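Residue numbers (the working numbering), protein chains in the order written: chain A, 2 to 276; chain B, 2 to 276.
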């Protein structure tokens, strides 16, 4: 065992800054690990783009992290996880953990009635990523999916308890509610920000699955299995890279990560497309 | 006068497909002109990105159109117009028409009370592009600006008469309404799609300025001045290029352009970043 390998950081990438909610989960599960985050804010969002484009961007994002010397990659973007995971695993040998399988496993573990709802971006839902992953675990489970494209901009606006957010949640979730699901997968990293509204509208008795929490546990298991967990006992360090620093970056980063980011590195798009 | 020059197409670019509302206006004002449209759907939206990134993307978009042999360029994106117009005019010699000045002129012509409101994306409003352009025309005019980031995703969802859209418009427009403006500039190409809601919320007596209509008139004047209007008497042809074909492309294009696009060309991002 090479000690040095263990002390490499975990790489996390996302289409933008939604994945900071996943960093928060990983840091809570694995507080001693160093984390390098890359957010592709110059090309965000991925959720409305084509599969080919999402695969191309994801390969670039992963390459950027690998060049930074990470020991594993977490694809903290449900859209990229649902579209690009196989392609990423074909290209790179290190452990790559997505959002879909962990979320599907957590949903299977949580449901009693066997009726599961999944919400996500248009791309994630269009690819039926969650329903296929859940049915692969147990073909008897009943899965209904629904795209909620306005939830991302609502979360980024910080309208986490606004009347309009309730109206929109009502429209998006009414069908799922009428189907009496007992478990709802939040299949987009932005959605945990809106969990209060979602919970109120879908019903307090419905279990919400945060794929970020589920994937943080898988990261721990995977690294443990191959003896790659850090032996560091101090608090892990985090570094943040983005391809663009958007106007509202600081505000949104605070809301998503739950603490202030003091320094963020800007990566030129040329660097990304040439590696 | 080189006849050939007149028969070149007008180039129109936008961050995505919102600019199709501008194509609709140009085609209505100048029905015999050929139009080439480029929508940067692989990197949409520009409205939440940094100035440097918006300038870089805009230069690439313009270069793409120039390589297609256009005689003039319409920057059918308020964000790009507000940030990149000077830079574009420095780089390229052909006529380049943005959205801001035409919209500002139309607002000045329309207002009686001298109180003008402007709504747009976070980037357009953050740059104070409209208020500066309007005050340059007449320093006595009173301009109040407000960013409405959720209007773009609402228009793309097609929620043009939804209860939630009214709620959101109510939140965004209440301050402007209380200031008794008599003219409101729709400073984003997506907003004319929501004009029914906006009109109801801001008040039926407020004149809405569609910058697309205003800029189409400027295009006509500019081309007329330099004798570059087409002499073609048949209906002009339109060609559409995008950097990505998003999941909902057809639906949204129909809504924005007012007719079906039968064929759209996909441009690889590499082509764009290398020209």
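We put the CB at the ideal spot given by N, CA and C, even for glycine.
From a predicted model like this one, the values you see are computed outputs, not experimental measurements.
- The Cβ neighbour count for residue 110 (chain A), taken over all protein chains shown within 10 Å, is under 16; the residue is labelled exposed.
- Annotation: residue 9 (chain A) to residue 62 (chain A) spans about 18 Å, alpha carbon to alpha carbon.
- Taking a beta-carbon distance threshold of 8 Å, residue 97 (chain B) does not count as an interface residue toward chain A.
- With contacts defined as CB atoms closer than 8 Å, residue 73 (chain A) and residue 89 (chain A) fail to qualify as a contacting pair.
- The beta carbon of residue 248 (chain B) sits closer than 8 Å to some beta carbon of chain A.
- Runs of the alpha helix (DSSP H) lying entirely within the stretch 200-262 of chain A and spanning at least 4 residues, in chain order: 212-226, 250-258.
- If you keep only unbroken alpha helix (DSSP H) runs of at least 4 residues inside the stretch 20-68 of chain A, you get 21-30, 52-68.
- Identification of residues in the stretch 129-148 of chain A having a C-beta nearer than 8 Å to some C-beta of chain B yields an empty set.
- Residue burial annotation: residue 26 (chain B) is buried, with at least 16 other C-beta atoms found within 10 angstroms of its C-beta.
- With respect to the C-alpha of residue 130 (chain B), the residue from B:67, B:115, B:87, B:166 having the closest C-alpha is B:87.
- Contact of residue 44 (chain B) with chain A is assigned, a C-beta pair being separated by under 8 Å.
- Between residue 117 (chain A) and residue 107 (chain A), the gap from beta carbon to beta carbon reaches 8 Å or more.
- Residues of the same chain with a CB within less than 6 Å of the CB of residue 165 (chain B), apart from the 5 flanking positions on each side, do not exist.
- Between residue 91 (chain B) and residue 12 (chain B), the gap from beta carbon to beta carbon reaches 8 Å or more.
- Here residue 60 (chain B) has 85, 88, 89, 92 as same chain residues with Cβ atoms under 8 Å from its own Cβ, once five neighbours each way along the sequence are excluded.
- With respect to residue 233 (chain B), residue 33 (chain B) sits close: the two C-beta atoms are nearer than 8 Å.
- By the rule that beta-carbons nearer than 8 Å mark a contact, residue 261 (chain A) does not touch chain B.
- By the C-beta criterion, the stretch 132-142 of chain A is judged not to be in contact with the stretch 147-156 of chain B, since fewer than 3 inter-stretch pairs fall below 8 Å.
- Residue-level contact check: residue 60 (chain B) does not touch chain A, since none of the beta carbons of chain A fall below 8 Å from its beta carbon.
- For residue 145 (chain A), no alpha helix (DSSP H) segment is defined; the enclosing uninterrupted segment is the beta strand (DSSP E) at 143-148.
- Counting along the chain, residue 73 (chain B) sits inside the beta strand (DSSP E) bounded by residues 73-76.
- From the beta-carbon of residue 245 (chain B), the residues of chain A found nearer than 7 Å are 50, 51, 54.
- At a Cβ-Cβ threshold of 8 Å, residue 153 (chain A) and residue 46 (chain A) count as neighbours.
- By the CB criterion at 8 Å, residue 75 (chain B) and residue 220 (chain B) fall inside the cutoff.
- If you compare the alpha carbons of B:189, B:163, B:184 with that of residue 171 (chain A), the shortest gap goes to B:163.
- Residue burial annotation: residue 191 (chain A) is buried, with at least 16 other C-beta atoms found within 10 angstroms of its C-beta.
- Looking at A:207, A:206, A:194, the one whose alpha-carbon comes closest to that of residue 18 (chain A) is A:194.
- When secondary structure is reduced to three states using DSSP, residue 87 (chain A) falls in the helix class.
- When the beta-carbon positions are compared, residue 159 (chain B) and residue 256 (chain B) come within less than 8 Å of each other.
- Identification of chain B residues near residue 151 (chain A) by a Cβ-Cβ cut-off of 9 Å yields 151, 154, 155, 158, 160, 165, ordered along the chain.
- Rounded to whole angstroms, residue 104 (chain A) and residue 270 (chain B) show a C-alpha spacing of 32 Å.
- The beta carbon of residue 172 (chain B) falls within 8 Å of a beta carbon belonging to chain A, placing the residue at that interface.
- Neighbours of residue 124 (chain B) across chain A, judged by C-beta separation under 8 Å: 248.
- Under the 8 Å criterion on CB atoms, residue 169 (chain B) is classed as interfacial with respect to chain A.
- For the stretch 73-100 of chain B, the set of positions with a beta-carbon nearer than 9 Å to some beta-carbon of chain A is empty.
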